[in-house]
Amino acid sequence: MNRHPIPFEKWNVALVSLVGHLIFDGEIKHGGCVYTNRSLALLKHVAACMQTIYPFAPKRYESLPGVHKIGYHNVELNDFFKSKAKELIVKIKCMERELQRSFLRAFFDDEGSVYFIGKRRAIRGYQHNAKMLHLVQHLLRNFSIESKVDSKYNEVTITRRENILQFAQEINFSKGLRINGNRSNSIWKESLEKRELLRRALASYE
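Residue numbering for the sequence shown is 0 to 205, as defined by numbering that gives the first Met the number 0.
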């Protein structure tokens, strides 16, 4: 079909975000790559970032009720994005702050949550790859955000007001990204934006 990815050498915010999302909530496999999420805002964002590399419309699926996928089925994308994912993980520590911020936001958008019950407040990010958790912890320190890695529960956790406030100011979650208020175990019973939940958590300190 004469459809090829457009190679690049220089990273920018959109490219870091794209490859980050494919690492965290995506799949890079032989037939191409797929990104899965409940958030239509994130799906739209990933599709927009992909246009600079592969300017063709994705296939769209709903694998489970409310869970959507966008797929780019081209075998060339497998080798291309596998190579770029490895490159990004190796180089991100030395990249400029704006690119590190983009990587961290992709991580917390895909893997993160705001824990806010009573006086217990935390930002959590889940990932089964312990090396990735320690990489995230390292990058957070570059923004003066202290965190803890818990290998038992496969998470990096940010606690204490000063760290949570710094996260809100430096990283935060993407606009339009919401929690699923329809879950039976939902505490809030409404689909709040994660940014709003984070704001409420910080306001509760006052």
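Cβ atoms here follow ideal geometry from the backbone N, Cα and C, with glycine treated the same way.
CA-to-CA distance, residue 129 to residue 201, given in whole angstroms: Numbered from its first residue, the sequence shown carries residue 201 at position 202. Numbered from its first residue, the sequence shown carries residue 129 at position 130. Approximately 28 Å between the Cα atoms of the pair.
Report the rounded CA-to-CA distance for residue 124 versus residue 32, giving the unit in angstroms. Position 125 of the sequence shown, counted from the first residue, corresponds to residue 124. Position 33 of the sequence shown, counted from the first residue, corresponds to residue 32. In a straight line, the C-alpha of residue 124 is about 23 Å away from that of residue 32.
Under three-state DSSP, which class holds residue 128? Walking along the sequence shown from the start, residue 128 turns up at place 129. Of the three classes helix, strand and coil, the one that applies to residue 128 here is coil, per DSSP.
Just verifying my parser: in three-state terms, what is the DSSP assignment at residue 134? By one-based count along the sequence shown, residue 134 stands at place 135. The answer is helix: DSSP assigns residue 134 an H, G or I state.
Just the C-alpha distance for residue 241 and residue 5, rounded to the nearest angstrom, thanks. For the chain, the structure presents residues 0 to 205; residue 241 sits outside this window and is missing.
Give the secondary structure of residue 36 by DSSP, where H, G and I count as helix, E and B as strand, and everything else as coil. As a position in the sequence shown, residue 36 is number 37, starting the count at 1. In this structure, residue 36 counts as strand in the three-state DSSP scheme.
How would you call residue 18, buried or exposed, if buried means at least 16 neighbouring beta carbons within 10 angstroms? Within the sequence shown, numbered from 1, the residue matching residue 18 stands at position 19. Residue 18 comes out buried.
Quick one: using the 10 Å Cβ neighbour count with 16 as the cut-off for buried, is residue 93 buried or exposed? Walking along the sequence shown from the start, residue 93 turns up at place 94. Flag for residue 93 reads exposed.
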